[in-house]
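Below is one structure, written out as structure tokens, with a few remarks after it.
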Amino acid sequence: VVCTTDQRREEDNIIDYIGYPTRIFPIGRLDKPSEGLIFLTNDGDIVNKILRAKNHHEKEYIVTVDRIILGNFIRDMGNGVPILDTVTNPCFVEQTGDREFRIILTQGLNRQIRRMCEYFGYRVGRLKRVRIMNMYLDMPVGTWRDFKKEELEEMYRMIGDSSKTI
Numbered sequence: 196v197v198c199t200t201d202q203r204r205e206e207d208n209i210i211d212y213i214g215y216p217t218r219i220f221p222i223g224r225l226d227k228p229s230e231g232l233i234f235l236t237n238d239g240d241i242v243n244k245i246l247r248a249k250n251h252h253e254k255e256y257i258v259t260v261d262r263i264i265l266g267n268f269i270r271d272m273g274n275g276v277p278i279l280d281t282v283t284n285p286c287f288v289e290q291t292g293d294r295e296f297r298i299i300l301t302q303g304l305n306r307q308i309r310r311m312c313e314y315f316g317y318r319v320g321r322l323k324r325v326r327i328m329n330m331y332l333d334m335p336v337g338t339w340r341d342f343k344k345e346e347l348e349e350m351y352r353m354i355g356d357s358s359k360t361i
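Convert by adding 195 to the 1-based position in the sequence shown; the result is the number in the working numbering.
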């Protein structure tokens with residue numbers, strides 16, 4: 196399933212797959228070869244409040260790379276990496292295996308994690324988003340569910356002071 200709302204260009208798009216009775220759209224995106232948690236909503240204000248980097252809402256990923264992690268890779272990834280004519284914000288990075296690490300971002304540049312890894316000569320083999328703010332991935336691939344009342348209340352509390360504009 197492709198994470199797009201463009202039903203004309205992508206036959207296997209997320210909107211058709213879900214088949215929700217009202218118009219919904221994704222909050223953010225996942226690259227085509229990526230997998231994991233994505234929010235769908237009909238509330239345009241919540242989209243911007245969650246996505247704006249200045250609001251510092253966390254997105255957590257598990258990343259597997261093509262070779263053994265060596266040297267200062269983890270530290271250097273966390274300090275910020277020059278990509279796309281900018282330097283990424285400092286972030287939390289923790290090695291979890293010989294070729295695997297966990298990273299928590301508060302910004303969402305295009306293909307950010309892949310580009311950060313490429314800067315240091317690594318290629319991403321698997322990238323999985325496991326958390327957005329207070330919501331952890333707790334379902335099998337290809338399934339979906341509505342937010343629980345408590346989850347939604349906590350999310351609205353977290354975005355209460357967030358700006359919806361740049």
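Just so you know, even glycine gets a beta-carbon here, dropped at the ideal spot from N, CA and C.
Please read these numbers as outputs of a predicted model, since none were measured by experiment.
Closest by C-alpha distance to residue i, when choosing among the options
i, options, result
"Tyr215", "Val325, Lys227, Asn237 and Asp207", "Asn237"
"Gly303", "Met353, Arg218 and Leu279", "Leu279"
"Ile222", "Gly239, Pro228, Glu230 and Cys286", "Gly239"
"Cys286", "Ile299, Asp341 and Pro277", "Ile299"
"Pro228", "Trp339, Arg324 and Met353", "Arg324"
"Arg321", "Thr217, Arg218, Ile219 and Asp226", "Asp226"
"Asp211", "Leu235, Met328 and Thr281", "Leu235"
"Gly266", "Ile245, Tyr317 and Gly355", "Tyr317"
"Met353", "Met328, Thr338 and Trp339", "Met328"
"Thr281", "Phe296, Met311 and Glu253", "Met311"
CA-to-CA distance, residue j to residue i, given in whole angstroms
i, j, result
"Asp293", "Asp261", "10 angstroms"
"Arg306", "Thr283", "12 angstroms"
"Arg326", "Ile257", "10 angstroms"
"Lys344", "Ile263", "42 angstroms"
"Ser358", "Tyr351", "13 angstroms"
"Phe157", "Pro277", "Because the chain is modelled from 196 through 361, residue 157 falls outside the range shown and cannot be assessed."
"Thr346", "Met330", "Checking the displayed sequence, the identity of residue 346 turns out to be Glu instead of Thr. Answer to the nearest angstrom: the Cα atoms are 7 angstroms apart."
"Tyr314", "Asp341", "38 angstroms"
"Lys244", "Thr291", "30 angstroms"
"Arg309", "Asp207", "24 angstroms"
Boundaries of the beta strand (DSSP E) in which residue i is found, first to last residue
i, result
"Ile269", "Element bounds for Ile269: not the beta strand (DSSP E) but the alpha helix (DSSP H), Phe268 to Asn274."
"Ile298", "Glu295 to Leu300"
"Tyr256", "Lys254 to Val260"
"Leu235", "Phe234 to Thr236"
"Ile222", "Phe220 to Ile222"
"Phe342", "First-last for Phe342: undefined, no H or E at that position."
Coil, strand or helix - residue i by DSSP
i, result
"Asn329", "coil"
"Leu322", "strand"
"Leu279", "coil"
"Asn208", "strand"
Residue interval of the alpha helix (DSSP H) (run including residue i)
i, result
"Gln307", "Gln307 to Tyr314"
"Val242", "Gly239 to Leu246"
Burial state of residue i, where buried means 16 or more other Cβ atoms lie within 10 Å
i, result
"Glu255", "buried"
"Val336", "exposed"
"Arg218", "exposed"
"Lys249", "exposed"
"Arg247", "buried"
"His251", "exposed"
"Ile213", "exposed"
Check: residue i C-beta below 7 angstroms from any heavy atom of the ligand NAD
i, result
"Pro228", "Summarising the ligand content, the structure contains no ligands, and the ligand NAD is consequently not present."
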